[in-house]
Every structure is written in C-alpha cells, then in structure tokens.
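Chains as they are written, first to last, in our numbering: chain H, 1 to 503; chain S, 504 to 1006; chain Z, 1007 to 1509; chain Y, 1510 to 2012. To start, the structure itself, in structure tokens.
4 protein chains.
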Amino acid sequence: MAPASDMKKLLGDEISKHNSRESCWVVIHGKAYDVTDFLPEHPGGPKVILKYAGKDATDEFDPIHPPDTLDKYLDKSKHLGEVDMSTIAEEQSDKDPDEEERQERIKEMPTLEQCFNLADFEAVARRVMKKTSWAYYSSGADDEITMRENHSAFHKIWFRPRVLVDVENIDLSTTMLGTRVDIPFYATATALGKLGHPEGEVILTRAAKKHNVIQMIPTLASCSFDELVDARQGDQVQWLQLYVNKNRDITKRIVQHAENRGCKGLFITVDAPQLGRREKDMRSKFSDTGSDVQSTSGDEIDRSQGAARAISSFIDPSLSWKDIPWFLSITNMPVILKGVQRVEDVIRAIEAGVHGVVLSNHGGRQLDFARSGIEILAEVMPVLRERGWENRIEIYVDGGIRRATDIIKALCLGAKGVGIGRPFLFAMSAYGLPGVDRAMQLLKDEMAMNMRLIGCSSVDQLNPSLVDSRGLGVHTATVPRDTLHLSCYDPLVPPGNKITSKL
Amino acid sequence: MAPASDMKKLLGDEISKHNSRESCWVVIHGKAYDVTDFLPEHPGGPKVILKYAGKDATDEFDPIHPPDTLDKYLDKSKHLGEVDMSTIAEEQSDKDPDEEERQERIKEMPTLEQCFNLADFEAVARRVMKKTSWAYYSSGADDEITMRENHSAFHKIWFRPRVLVDVENIDLSTTMLGTRVDIPFYATATALGKLGHPEGEVILTRAAKKHNVIQMIPTLASCSFDELVDARQGDQVQWLQLYVNKNRDITKRIVQHAENRGCKGLFITVDAPQLGRREKDMRSKFSDTGSDVQSTSGDEIDRSQGAARAISSFIDPSLSWKDIPWFLSITNMPVILKGVQRVEDVIRAIEAGVHGVVLSNHGGRQLDFARSGIEILAEVMPVLRERGWENRIEIYVDGGIRRATDIIKALCLGAKGVGIGRPFLFAMSAYGLPGVDRAMQLLKDEMAMNMRLIGCSSVDQLNPSLVDSRGLGVHTATVPRDTLHLSCYDPLVPPGNKITSKL
Amino acid sequence: MAPASDMKKLLGDEISKHNSRESCWVVIHGKAYDVTDFLPEHPGGPKVILKYAGKDATDEFDPIHPPDTLDKYLDKSKHLGEVDMSTIAEEQSDKDPDEEERQERIKEMPTLEQCFNLADFEAVARRVMKKTSWAYYSSGADDEITMRENHSAFHKIWFRPRVLVDVENIDLSTTMLGTRVDIPFYATATALGKLGHPEGEVILTRAAKKHNVIQMIPTLASCSFDELVDARQGDQVQWLQLYVNKNRDITKRIVQHAENRGCKGLFITVDAPQLGRREKDMRSKFSDTGSDVQSTSGDEIDRSQGAARAISSFIDPSLSWKDIPWFLSITNMPVILKGVQRVEDVIRAIEAGVHGVVLSNHGGRQLDFARSGIEILAEVMPVLRERGWENRIEIYVDGGIRRATDIIKALCLGAKGVGIGRPFLFAMSAYGLPGVDRAMQLLKDEMAMNMRLIGCSSVDQLNPSLVDSRGLGVHTATVPRDTLHLSCYDPLVPPGNKITSKL
Amino acid sequence: MAPASDMKKLLGDEISKHNSRESCWVVIHGKAYDVTDFLPEHPGGPKVILKYAGKDATDEFDPIHPPDTLDKYLDKSKHLGEVDMSTIAEEQSDKDPDEEERQERIKEMPTLEQCFNLADFEAVARRVMKKTSWAYYSSGADDEITMRENHSAFHKIWFRPRVLVDVENIDLSTTMLGTRVDIPFYATATALGKLGHPEGEVILTRAAKKHNVIQMIPTLASCSFDELVDARQGDQVQWLQLYVNKNRDITKRIVQHAENRGCKGLFITVDAPQLGRREKDMRSKFSDTGSDVQSTSGDEIDRSQGAARAISSFIDPSLSWKDIPWFLSITNMPVILKGVQRVEDVIRAIEAGVHGVVLSNHGGRQLDFARSGIEILAEVMPVLRERGWENRIEIYVDGGIRRATDIIKALCLGAKGVGIGRPFLFAMSAYGLPGVDRAMQLLKDEMAMNMRLIGCSSVDQLNPSLVDSRGLGVHTATVPRDTLHLSCYDPLVPPGNKITSKL
C-alpha cells in the first residue's frame, strides 16, 4: 500500500501527541515543525499556535506568513521532516452556514463590467470576502471616525474649473522621486494580501506594471520581499515600506537588501510605534483567533495588552528624529517619512534632510481623531510656500482616495502624488488581477475626463486656484457619524397608550 | 393575398440574413437601411446597432434620433427601400414583470391636480417612466454630489423680507437678451426628450408659448431643429444651444441656419469638452444597451473609454477662448457662454465681448464637486460690482431650481434669469403638455405670492439686501450625503450574544 | 303625525331642489339660507358651498365660521326660515376606515398625566385629531423649512449659566404693554380653533385666565370676537390680532369695537398680504374640500390662483407704512406690528411711533426660508443697543417655542416675551381645557426650574451674557432636512447580482 | 409550630391594617416601622410609601436608601420590632413578560471578554438592566441635548500628533489635589448604585483601589458613607461630593465626619439648586412609582411641582458665593466647586480661594442646552493663561468621557483630570466588579497606546498644540439630533395614488 513507500515520513498519530504548551508540533505544507520553544516569541502570541498544536495549520498559516518565514525564523533543528498527510485526521469542519451563504453570494457576484468605480469593488468584496478577512481590511481605530473622515474630507473640497481651455490631449503622467509614472498614484503598502487573494501582493506588482505606476512593498506582506521583487518586469519601479526593528542590524540588512535588489525609495513608517486596536476586527475574530494579528488571547483579564506588546515587539517605539541621520547614511535610496501629521513635523523633516513625507494617518487604523492627510496638506503648503520651501521635498498624501477627483484635489493643493491602498485590495479580493487592472483603468478614465472638465491638460497645471477648500478645516458636523455610541443611545419617545395606575 | 400587391417591398427573410458586422441591415419606420459601413462611425458605438441587425429597430431608434438623421448622415445609396412589414417576425418580447408593474403604476398615477409643486412631478415621473429613461434624465456625474448640491445650495440662502410694502399688483415680467418674458425663467436645453414623451421637445415649445417664456433648443434634441422651430407660434422666441463641432464648417452652417430661422440667442456649451460619465445611468443600461448614449459596449476591458471617445467625436475638446472672436464674427445673435464656473472666467467673458454667461455645471452631469451656479453667482457679482461691470453682460444661472423662491434668490443675488431643465422634462414625461403647463403655472403662482411675501411688486426691486446668503460658501456639512460610499460602510456594532470559545 | 305641527317649516324635498349654481340653498343649524348670490363672494370659493347645495351643511360650517357669520354677511332676505329636520335625508355616511382607526386611537390615548412636555401633546394630537384638522394646524409653507427652522433655531443657542446665586425664590412675572403677567408668554392668535375642539378658542380664554397670561384674539377665530370677550373673567387682559380689510371703515369699526370691549393691544399682521400655500394641507384636503380655506377648487387648470385671490379678497395687500399714522389715530390701544422680519423694518417701526413689534414669520406658514424670529432678534438687539433704542418699543418673538428654555433664550437675547400658538391648540385638541392648563403649568414648572439652573431669580436678570448664540446666524447645515425633495431622490446603489448579457 | 416561638413578633394580619395615610406601617428587612408621621417629610413624597403601606417594602427600599437611613431619620419610638415573616402574604407578583424577556437576555449576554470599549458595557447594560433602573441612569434633562452633546463635543476635537518621539515608556500617572494616581481620571459621584448592582458603590471603591484612582463618594449613594469608607484599603484616597443642606449644622457634621474619616477633598455641587426633570425616567416610572425619586405623584394636576420641591427640600437653593468662606473655615480638605459652567465663575472661584473647579453640567441631567465641560474648558484656559492664573487652581472636567482619546483631549486643553460616572455604573450593572475592573483597564490600555500615537510619553507633555479644537464652539449642526421633537414631525410626502373626486 501507499504507506510502504513513505517509511521515513512522520505519521499523524505521533504528531497529534504534541498538542500542548509543553510540546507543540504543527504541520505546514506537508512538513512538521517543533515550535515549542518558539511559542513565547511568536508575534501573534502563543495561543494562536496552540489552537493548531498537533494538527495541520497550513490554511491558517499561509495568508499571514511569507513562505520563507519558517526558514528565516525557526532553527533548522526544529524542522522535523515530511509528513504522511494521509494519516492526518481531516478536520471535522463544522458545516458553516455563514460560509455557505458566502459561497452563494460568490455565485451571484456581479461581472467585472458591472463595476463602474472603486466603491463598487468594495461593495462586492464586502459580500464575497471571508468575514474575518473583510474585518481585517476594512476596520479602523476606535470609533473609525478618522477612517471615515479620510474620504469625507475630500467632500469638503469643491472645484473652481476653468472653461474654454484646449483639452484635446490630456497628459496624466508625472514623476515621483525621479521615476516617470503614467498617473500620479502609487499602490501603497498594505499588510496580509493573501487574506484577500491566494496569490497575494504579486497581483498588485503585475497591475502596477501594466499601468506604469509604482508599488510600495509592505513589511507585513503575505508574499516575501523577494517574491515581490522577482515579480517585477522590465524597468518597473518599487519602493520599500519599513517598520523599524529594535535591532538596527536587522533594519540595516533589510534596507540594504532592498537597495541591492533595486528598490528606489525607502518609506519609513513613523505613525505606528505601536499597532492600533481595531475593534471591529477584534470582534469578528473573537471565535476565530487563528488569523488575528491583534488577538486579545492570553490568560489574564488584561490580555489584550499582552498581544499588543507582542506584535509591537519587532517595531521600535523609541524610534525618533535622532535616528534619521543614520538612515540617510546607510542607503542611497531617497528616504521618505510615512505618517507625518502636522506642519511642525514637515518642517522638521525638511531640516532633517529627508526627501519626502507622506501625510497620512495609516488609513485611520492607528489614532482615531487624527486628521485626514488632505487636511494636513492644506495646512502645510501655505506655510512652506511662505518660506519658499515648497520644492524642497516631495509631499504625498494617502487615505480616503476613491475617485480621480480626489487625486486632482490633492495635486491642486500641492501633493506630488497619492497613495491608494484598500481599494486595490478590495478589487483584488473580489476579482484578482483583472479587478485591480480595471480599478486602475477606471481611475485613469476618470482622471482624463475630470482633467478636461477642470480645464487642465497636464498635471503641472493643477494649482490651488482650481479648488475651494474653505470647508476643509471645519470639524463641526461630526461627519461622519459616531455609529457605535449612537447604537447605545436610547431615543426619547412620546407617550405610548393609556396606562391605568395600579394604585 | 396582401403580399401580391407588395411586390417591390423587401421581405423579412432577406433582411434577417444581414445580421452581422459584415453585412448589417436595419428596418426603421418601414424602410430598410444598409448601415454596414456606418457601423464604426456611429456615435453610440457599433454594438448598439448590431443588437438590431436584420431586425426592426424603430422603437429604439426614435427616442434618440431626430427624424432627419438618416437623411442627413446615411448616404442615399444605403437607403434600400420599403419593407413588407407583415413579413417581419414580431419580436418575441419577453414578458417583462418590471414593465407590467410600471403599467400598474401608470393606472394609479395621481391626477394632475394632485401635483402641487415641481417635486411632485418628479416623484410621479420616477414611478411611471421607463427605468432606463428615468435613469438617463435623473443621473449625474460620479457620486452625484454636485447634482444634489445644486438644489441644496438654495437652502443655504434665507430671506430678509420687507413688510408694509404695497404689493397689490405684482409684475413678474422682465427682459432676456432684449425679449420681454412673463417670468424670469427659460426652458433650458436638455437632450433626448422622446425618452420621456413620444412627441418630444415640441411639447416644451408649446408650453413656453403659452406662458411667454423662451425655449432654448438643444443640439441633442429628439426632435429636429427645424421641427422645433416650425412649432413656434407668433412672435415666440427661441434660442439655440450649441455643442461645437470639430468641423467648424458644420458649426457655422448650424449657427447661421438658426439665425436665419429666427433664433435670438446662441448659447455655446463650454462645460462639456467630453460628455460626463453617469454611473446610475450606466448601471441601469447594463442589460439594455440599446438606448445608452454613454454605453460601455466594446470588446476590450477598457471599452468605456472607446464609447466615451465616440460620443466626444463630434464635440471639439480643443474649443478655447481663441475661438470666441470667430463666433462673434459669424452671427448677429447675442453669444452666451453656457457653463462658466468661476469669477475669473466671467471677467474674461466680458473682456471677450460676449453678451452673457450661464453660471452652470450642466445639471451636475459633468464634473462632480463643481460648485452650484448660485454659489458662483454670489461670488461673481460683488467682484463685478466693484469694477462697475455688473451691467456689461447678462448673467443666468441654472441647476437645482425647483421653487419660485429659488428664482427669487437668484435674482436677488444678481441673475437676469434662470434656466429650468429636468423639472419640465419630468412634468412632460408624466403628463405631457398639460403637465408642463401646470408646472409653469405653479411657478408663476408661487412667484407672485412670494414676491408679495418678500415685499417686492416687480422683479427690478429684488436686491441683495433681501437675502441672507452667508451660509452659501460653506461646504462643511457634506450636504448632500455620499450615499454610494456610505452604502459600503459597515457600521460598528456593539457585542452580540455570548460566544463560547471553541478552544 | 309630526309634520302637522311643523306646517311653516321648510321640507327637505323642496330644499334639495336648490342644489346648483343657479339656485343654491343650504341648511345650517336647522335653518335654510339662499346663498345663490353669495357664491361668487365666498372667501373659500363657491365650490365648497356647492358641495352642500340642497343639503345640511352644519357639520362643515361650524368649525370655520363664527356663529354670527350668517347674520353679518348674508342679507336677511336670504334667511329662509326653519327646516323640518326630520325631512332632511340623512347623509349616507360611508363607513370610513380612517375614522374608525382614529376612534380606536382615541380610546387608547394616554392620560393627561403621561404628557410631560409640549411635544407630547403634539404627538397625541397627531394621533387623535381628524386628519384634515391636523393637516391645517400642522402645515407650513412650501417645503416647511422655515416652519421647522423656527424650533431648530433655538437649538443653536446654548446657555452660559451662573452658579452659586441664591435662587430660593423665583419670580417669573413680567409686564407686557403695561399688563403684569405670571410668566412671559402669551397665547398668540391662531385660526379655526373649532377644528381641534368643538368649543373653540374660549378654552384658551379660560386657560389664559387661570395662568394669568394674555390671550391674543384672532381675526379668523372659530368663536366670534364677542364670544371670546364675553368669556373673559375679572381683570383678565386680551389683545386683538387684525388682518386689515381693504375697506378701512370695516377695519376702523373692528378696532374701535375691540377697544370699547376692553382690548389692551392691537396687533396688526404685516406678514400676510396674501395667505400662504400649505401643500400638506392642500394634499390632505384633496378629497374633502369642505373645510379647505385654501382650496384649489375652480374650473380652470390654474384655479389655485382663483381661490388664493378669493381668500385674499378681505385682506389688503396694499397695506403699507403710509397707513400706520391712521391706525395710531383711530385707537388708544398700543399698536404692534406682527410679522416684522428684518432690522431695517424694526427701526422703521420705531420711527413710525408704534409701541411694539412681533418678530415672526407666521409660524412658517407664509414665506418659506423666512428666518426664525429668534434669529432676527439676535440681529436686531445689538443694532438697537448701539443707538440706545432698545427700550423704545417692546419686542416679542413667536414661532417654535416649545420649552421654557426657549422662552429664557428669547428673553436673554432681549425679547419682552414670546407668543405660543400651535402647542396650545394641540393640547386643546387632545385634552380640552385640562390639556391647555397642564401645558401652561408645565411651562411654568420648567421655567422655574431652569431659572434656578441658569442662576437667575427673576426675569429682569436675564441678559445676553447667559447665552452662547454664535451658531444662530449660520445656515450651512440644511437643518432641517428637505424631506420633500429628498423623497424624490433616487440614491446611488452599488452593483446588484450578475447580469448575463442578452447579446 | 413556628409561630409559638415567635410570640413577640408582629403578625402580617395586624400590619396589613395600617395601610393608609392615617396609619401607615411598612416592613423592611423583617422589622416593622410606623412611618405615618414621616409621610409628609419623605423626600420622595408620601405616595411612594403608601404603595407599600401594610406590606413588605424591602425590595423597593434597598436600592435607594443606605442601610442606616431608618436609624438616622426615624425616631426609635417608631421602630415597632421584628415581624413573623411567614405571616406576611407574599405579593402576588404578576407574571411580567418584560422581566422574563430580560432574564432571557441575561442568559445570552456576552462574556466580559467581548467588551472592547466603554460603549460596549453601556450596550450590554441597556439589555440586561431593569428598565426602570436603566431609565434612571441613562436619562437626562428635557430633550437630552446636553447629555448627548457632552460626548459629541469631544468629536469636534481632532489631534495634531507628533511623530518620531521616543515613546517606548509611557507614564500615565499624575497627581490630583496632591494624590498620585495611575491615570488621570477619577470615579465621579453618581446616585443610587444599588439600582444597578445589589452591592452598590463599594464595587467602585474596590475597582478604584485596584487601579489606583480616586473615588468620589456621592451624597446620594445607596451604600452609606461609612460603608464606603470602610471598604477603603491601604492608602486609598476618597473624596466627598456634597449636596449642601439648608441646615448648615447637618452640613458641617457631614463635612467634618468625612474629614475625620480621611477624605481628601470636598466637592460641593453647585449646579443643582433643584434636581432636574428627566422625562425619559419619569415616563418609565409612570406605572411603577416605587423607585421614582422624581415622581410626579400628588393629588393635583400640577403635582410634579410638589415632588420636585420635596426632593429639593434637603438641598439649599439659596447656596451662594457668600457661603464659600464658611466652607473654607470648617475643613482643611481642599474645597472644589463641582458644576461651574462659565469663565466668569472660574475667575470668581479663584478669587474666592477654593482649590479647584469641576467644569460640568451634571451629566446633562440638570439644564438642557448647558454646554459641555470640555467646551467650557477650551474657553476658560486661554483667559486664565492671559492672567497667568492657569496654575492657581486645579481644573477638572466631567461629562461624556468614553475613550482615552477624550481624556487626552481634556488634558491637552488644560484639565488636571477627568471624572467618569455612568460608564462605570454600566460596567458594574452588567458585570459587577470584573466589569468595572475591565472598563478601567481598557481605558489604561487605550491611553497608553494613544499617548504613543500622539507622541507623548508622559501626561505633562500634553499641550494645546496637539489638538485642533476650532470646531468646538460652533453649534450649528444641531448635533445631536432632537429625537423627541423629530418624532412628532410629520414629513412632507409626494402625492399618493389617484383620488377620484366625490363631487
């Protein structure tokens, strides 16, 4: 029988005994690993692993770990060898009515041609993604006020279009850190792409190539850094997004490896000394901690703190302005600070000699009530212009961009370009590469048309006189709504029917 | 039998063979046409025609083409002659439940006397129009923010009425480009009137005559220009709205023909170098591309671009200020720029010597987040008054006018008059000529009463001190709501019931 | 049999023959009247009467005509005498399911003790009043923006309370035109009280006495002027509200009669040269024109105009500032202009020598987008104070007052007192005199408490430093919502399910 | 049988005879009391007691009276002795479907770990608390505008975070009136804790100890003052909240007892000369006056006034600035005025020599349209800084704090700390001590994270440059909504179906 030829393979019976904190084995892609000693170091906390102790963890492992993770982080002595997968008891998967309904929705999902804008992809993704994956992508910090403000802020900006300008030929191209691109957006870094699509971020690499825009490679990608670089074609340009490790040797190795492999920009994330809490995500994961990077698992009542610290353990919360010269010394890539949020820090960034800043609040996933990047931009540029500093660095904005009009508004106010994250993830999750391709094409079509309608034939003609942004700094309307607290509020009601006193 | 006497007529069998791109015949009003060579030139794209290749296309053709279209644009050699209609297979029309429900709604539609304001006609039209026709009329650009802002903007203007003024006799009349009219509105140009009513725009011609207001004849009318001029009675006045053709000879011919036929004003559309995308319309047409003037049909993924270009092909995107002297040289009609959107361009228009501008964003159908005409007016007039230029041109406003109070507000702020489009289309679609008649009468009744209540007995008494428009330029409230993106947003919820951990 | 003893009485058979425009008899309170010649003069239009031609019209007549109407306006020769009511065919009243449901709601209506504020009475009245009566009381002009703004405006004013003030004893009393009252509100004039309660406005007379506040007697009361004066007790004070008749002799007679009967103030309505259209009311009356004072009845398409003119016929639209000296000459009562709406007119009123103004927009029933009285007050007082004129007249405000805090806000901003209309009508309609009594008492309780909480023990301590009204003049939020036009708007939706192309 | 050994005990038969105003006995905790003479003095009014005349009132008595109430307030001669409880007829408790549904909800309530923020506790409490208890805790004054504004106001404040600051170690501690605490909030005084949990406020004492924060002991606690002091552990610090009694001897005794028992601060409530009306609470109590401290019971139509006066009877409405020196003379505790609401009064407080103020509107339970404490703070601090007085007193804020970001905002604007009330009550009501423990821990976790994200490692670094509070003073948006009045409003509707005229 088959087992005869698998003599050296490990058997399920043996593996299933190592199912505790004392001895913990897991099977991944047909190989067994002893992770007992690694448990306390696991960034996601030990509990997530223990759920699969003695079992096959492949399905849970894949979306959140690049393939080279085990080779990189687990000593070879702990690689126990191949497993006879026929001896692994198949998980008695409970019949999941949610999943069945989702499969029904997938059957009925609209064709790609029915998506006319970026919100459409989001609406479809919401219907067809796994609930937990949707929760991870779509959630924000606290009451998600900032997350929603990011897009709402663009709605406070209106156009002052020019007419009777020759707009027969529209040129959307511009340069970003020296690279010419076809349209002034880049695919910004977002984590855990395989939650949305089994191929992960390489899909974004391919779509970026097709539309000649830049991809920013995320530290927390599901694909490994090298996989994403290997997917590059021709003279395609990529940037690196960096969470700074406490161990600066590791950081240095990552940065220099990226430069050697051809990355053309280093984006240092400065708005995440600690990863934010996203309660919608936490709530969705409560019964399913497997894919929860911000799990509240632990043994004590205040265990949420424990996991938060675990995930923070590789990010250095002491990173400060004092470190900037060192970064400038270890690489020739332009250095950009991603997550700057006030004019004072833009000025300091210029003085520190970096090459750019991204005005960003991390997609509303970190500090709630952080202001939108576009609002900060409108505050920053007049100050820089007054000093004559507006060309000393390149300024980018991300967060809330959903329409070409949003891109045009950002450029009118002085941005060099904008980063787009979630919309491409949702297009990818719903339709794969064709989805991202169409999403990018829709932005190009929208932008060409809207450039005509605003009366500009090329990106360099965009200027502040074309927008009315007086409403931008005004925060009186509690736009968007505070749905969480509102759901608690018991509205006053008028009297009901007659009540006969019991006295 | 009947066929004997129809010897020279074409038979259905023969026609039905020409049902492909290689040989494409269509039947319209009992005559056959060979449109094979015309396919690539069709402004609506070839696919729309191919749907009816070898068949009778009359029902689809009529609403969107003036009757003289085939004579004008298709070479006589392609006019194949009369068809024996009894030999044409009747379309197996699927029983359409939507259409059946619509017919039920038509039976129950309110009487004309139940309509008390312009919104009432719109509500009725929404119920009784064909879904696709409703979508064409009612849709706007992108998120339809500008389309809704157009009316909302009037709600930011409040009155400062005078009391104890003799208002026994109210005179609503004024002049527009030298023509005396009974009330300061005109029926502005709107496309494809036969989508709403089989008779098309001549209904507006008759209603305008009855109420002594001016009709602006649209380039894209369903009726031909001459039909609309022929429907004129007595000393009735009409204007011409013009999309400028790349071929200036054609443009010149159109303009001079209009002048010869008695038009008294030339309104050059300057806000549409490319026709806007209206996604609600696109969505409604997805299964029914026949009447879709902005179809996404085509063979490639980015085919929306193709159709957009096709429809743009007869509009000249290079039209610019340099062309204005030429227009002034080819006609003695007053020349008005329709779609001006900023004070700088109003000044330039005056300097260019035109006779008027319409502050307009094309009914919110072109650039989303363009500001409302009424807001631009409030910005323009103080600048002109400061220069003493307020009487050098006539300034009109259109977009969002639904009440006589809206008209009064526009005149208080300095407009000579206002254009009204969709409301008359909706009244026409629901009730035909009596509907438009009543709509215009309601505006007159409302205006007479509101003139009394504001304390003015004639139009020339209206002035800025009668309104409080301080709120007009403030865009903080995201009024109106961003329904498309909001429909994607997943509201935060409090915890549900107990979840027993599976660990 | 019975008929024998009724020899001189008119019989139903005879009466029912006079059922046309040519000969029109109606029965009211058991007497027949020939109103044929009066038809064209009827302020409500002839059609309303014709509905009851040849029939008993008592039920429809009562709520909208004071009992002395027929004696006053119909020549004695047309009084045909008593009717044998047993011969009048009883109206075949259709079983009305709406009315049955209303009767059910009345059985279940809450006890008076369950009403804790003025909104509660309104909620109950809405449930238990006849739909048409509710529509008459609750409706406003056009989109009812002003009607709702009236109350909303108070919500833009916040308190700056004082603490540690001795508030053991609270004195709510003040004087109005020389009369001491227990609390600074008066029951303002409202029309057609019998629509809400069969006894009509005398209920308000009694409640005003009980709480020592002033009642303003309306021109259009259901009770006659003398009935309301006769209901006065002791030293109770009443004022007269006046619609000025074109025939100044009639006006003079009314004014001098009122003064002779002891009225202490003449409030001339200046905001209604024509009575407003209230579409909600018109819509509710469409099938039931009997009680419709603003009926659209008539024979022509523009017949709404006809009725509007009919009702205006006794109000003089030419009333102007030139008439004011005459009023001051014919009476010793203080003269107050009711409905002033801008600071310029307050100044003119002072210059004209009147004794007061009511800043009012007629409860939002006349000009939509008229500003709230409280907003005008906040604009007026600083101008008067600058001139040292703040004590030259008494300034009242009405519209939207629902809470004692609203009264306090008005007094802080400089009003002498406030008028309250609809809330007392609703309390009366739901609960009769006990309802109005409780409504007034609730206001007293609320006001005593809120005076304590704001840190003032008497009305004269109220001053502008106690409120923050910075938001009052800002109209950016389209508060309240434009429900009529919103109900027409078709929200954008994301794509639905898959659509298989039919091609 | 049992009765033999209970010879001296009172029997149910005898007790049940004393069931009237003339002779009123009640049983509490197995003892009978004659409260006939006490009826008129009962702060909650006599009716509440009469409901239980001749019966066992323990269940109703407990939550709202400290255990020592009877000993303190009822003369020993009225203590009638023990009751043979077996002879007391058990109340025929009606099967209560509401209560049954509540019990079902309790079974399904989420686990503590499912609560991720303070709103979650509120949502759970709303589902599992008795309706009347929920109504007492959750209600506010009038339209509850101020109650909701309290939290909404924080949403008008946005952050201007610093990046690249070393935030590895976060220190949340600060001092309050000389006491070092772990995080800058205290558990503020709230009444009637046993409505939420049978153990009452001692739970808060224990939680405050665990998290090293200060508890403010309320005058109206369900537990007695001494119980709460006895529950103190180690060097735990408590403050006293004081309603000032008309009888200053009683006040003096209370204050000095508190000081003797170790209280470290005296918070004199100055915003409640009369206890507010809370209509939601009144409505919920209408059929159940037992636990209604603001009952409208009484015999006359205006009886709400009577009860309001009763409850006010022990609070002195004449308390004024003149009393402050006396307070400073009778205690060495720091004296803080709780409920100051305008900058003028803060200045006066400093001049009067007190040690602190709490900017507060009593949780929105007193004067509706009082502004939020946080808005007052933003107005106060610049004035104090201009005078150099910002350190002369400690300034606290309470009302609406639900997130650590709210705390941070208050400290940025100049507060020394914040008081939190309802959130801990809700956590206690839903989950007891573990609930309050988790709620406090969540705030600590949130605050540590948000301090990192705003770029501050300790509380003293928080400053005004870190927030954008420009929107704070703007009250234009009627945020929050006026639900009570809106529920009365009848929205305009378009026409319905055809109506065939009956004429």
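No residue lacks a Cβ here, since even glycine has one placed at the ideal position from N, Cα and C. The structure displayed is predicted, hence computed values, not measured ones.
Q. H/Gln241 CB to nearest chain Y CB: under 8 Å?
A. no
Q: Flag this pair as yes or no: are the beta carbons of Y/Leu1952 and Y/Phe1668 separated by less than 8 Å?
A: no
Q: My understanding is that S/Gln759 touches S/Thr834, with C-beta atoms under 8 Å, so please give their C-beta distance in whole angstroms.
A: 7 Å
Q | Buried versus exposed, by CB contacts within 10 Å (16 or more), S/His521 | A | buried
Q: May I have the straight-line CA-CA distance separating Y/Ser1642 from Z/Ser1144, to the nearest angstrom?
A: If you draw a straight line from the Cα of Y/Ser1642 to the Cα of Z/Ser1144, it comes to about 36 Å.
Q: Starting from H/Met449, find everything on chain S with Cβ-Cβ shorter than 8 Å and list it in chain order.
A: Gln777, Gly779, Arg780, Ala811
**Q.** For S/Ala918 and S/Val900, believed in contact at Cβ under 8 Å, the rounded distance
**A.** About 5 Å; that satisfies the 8 Å criterion.
Q: Following the continuous alpha helix (DSSP H) through Y/Leu1579, name the residue where it begins and the one where it ends.
A: 1578 to 1582
Q) Under 8 Å, do Z/Ile1220 and Z/Met1182 count as touching if we go by C-beta distance? A) yes
Q.
Closer than 8 Å is the cut-off here; do at least three beta carbon pairs connect the stretch 337 to 344 of chain H with the stretch 1625 to 1632 of chain Y?
A. Judged by Cβ distances under 8 Å, the stretch 337 to 344 of chain H makes no contact with the stretch 1625 to 1632 of chain Y, as fewer than three pairs qualify.
Q | Beta bridge counterpart(s) of Z/Arg1284 as assigned by DSSP | A | Beta-bridge partners assigned by DSSP to Z/Arg1284: none are found.
Q | Beta-carbon proximity check, Y/Leu1701 vs Y/Pro1572, cutoff 8 Å | A | yes
Q. Is there a Cβ from chain H that is less than 8 Å from the Cβ of Y/Phe1625?
A. yes
Q | Euclidean distance between Cα positions of Y/Gln1875 and Y/Arg1786 | A | Pairing Y/Gln1875 with Y/Arg1786, the inter-Cα distance amounts to about 7 Å.
Q | Start-end ranges of the beta strand (DSSP E) lying completely within the stretch 870 to 924 of chain S, minimum 3 residues | A | You should have 897 to 901, 920 to 923.
(Q) Quick check: the stretch 1252 to 1266 of chain Z against the stretch 1104 to 1119 of chain Z, are at least 3 beta-carbon pairs closer than 8 Å? (A) The answer is no - the stretch 1252 to 1266 of chain Z does not touch the stretch 1104 to 1119 of chain Z, with fewer than three Cβ pairs under 8 Å.
Q. From S/Ala811 to S/Glu893, what distance separates their C-alpha atoms?
A. Annotation note: pLDDT 35 at S/Ala811 (below 50); position unreliable, no value reported.
Q) Pick from H/Ala370, H/Leu118, H/Val358, H/Ala189: whose alpha carbon is nearest that of H/Ile393? A) H/Val358
Q. Roughly how many whole angstroms lie between the Cα atoms of Z/Gly1018 and Z/Val1089?
A. 8 Å
(Q) What would DSSP say about H/Lys55, mapped onto helix, strand or coil? (A) strand
**Q.** Opening and closing residue of the alpha helix (DSSP H) in which Y/Glu1677 lies
**A.** From DSSP, Y/Glu1677 is part of no alpha helix (DSSP H); its letter is neither H nor E.
Q: Output yes if chain Z places a C-beta closer than 8 Å to the C-beta of Y/Gly1848; else output no.
A: yes
Q) Looking at chain H, which residues of the stretch 862 to 895 of chain S have a Cβ within less than 7 Å of any of its Cβ atoms? A) Gln869, Leu870, Asp871, Phe872, Ala873, Arg874
Q) How about S/Trp824: is its C-beta nearer than 8 Å to some C-beta of chain H? A) yes
Q. Roughly how many angstroms separate the alpha carbons of S/Thr539 and H/Glu104, rounded to a whole number?
A. 43 Å
Q: Starting from S/Ser821, find everything on chain H with Cβ-Cβ shorter than 7 Å and list it in chain order.
A: Asp166, Glu168
Q: With 7 Å as the C-beta to C-beta threshold (strictly closer), list the residues of the stretch 1138 to 1153 of chain Z near chain S in chain order.
A: Asp1148, Ile1151
Q.
Would Y/Leu1548 and Y/Ile1537 be called neighbours here (beta carbons separated by less than 8 Å)?
A. no
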